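Undergrad: Take this structure first; my questions come after.
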Amino acid sequence: MAQHVAQPTTDAPALPATLPIRAIVPWAVFFGILMLVLLYFVGAEQGATSLVSGENVHEWVHDARHLLGFPCH
Numbered sequence: 078m079a080q081h082v083a084q085p086t087t088d089a090p091a092l093p094a095t096l097p098i099r100a101i102v103p104w105a106v107f108f109g110i111l112m113l114v115l116l117y118f119v120g121a122e123q124g125a126t127s128l129v130s131g132e133n134v135h136e137w138v139h140d141a142r143h144l145l146g147f148p149c150h
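Below is the structure:
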């Protein structure tokens, strides 16, 4: 007895899912601000522009500062 193999039907071509720009903009703004804050703490958080007193932030980001080419000594 022969077996019948079902063939897939192709009613319509598969389309990629669309993501509206209104869903992307808030996340892009959030991550942009987050990156600017991180850039400040890595690149400028010391000396006269310091927002946090003490050397804790400087020590936490010290290696990242050198890796990114920011002088700190």
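Numbering (this note's numbering) for the sequence shown: 78 to 150.
Glycine is no exception: its CB is placed at the ideal position from the N, C-alpha and C atoms.
All values reported here derive from a predicted model rather than from experimental measurement.
#1: DSSP three-state call for ALA100: helix, strand or coil?
#2: Quick one: Cα of GLY131 to Cα of GLU122, how far?
#3: With distance defined between alpha-carbon atoms, name the residue in PRO93, VAL129 and VAL119 nearest to VAL138.
#4: Hey, does ILE110 have any beta-carbon neighbour from chain D nearer than 7 Å?
#5: Distance, Cα to Cα, VAL134 vs PHE107?
TA: For this structure:
#1: helix
#2: 10 Å
#3: VAL119
#4: Protein chain content of the structure displayed is limited to a single chain, and chain D is not contained in it.
#5: 22 Å
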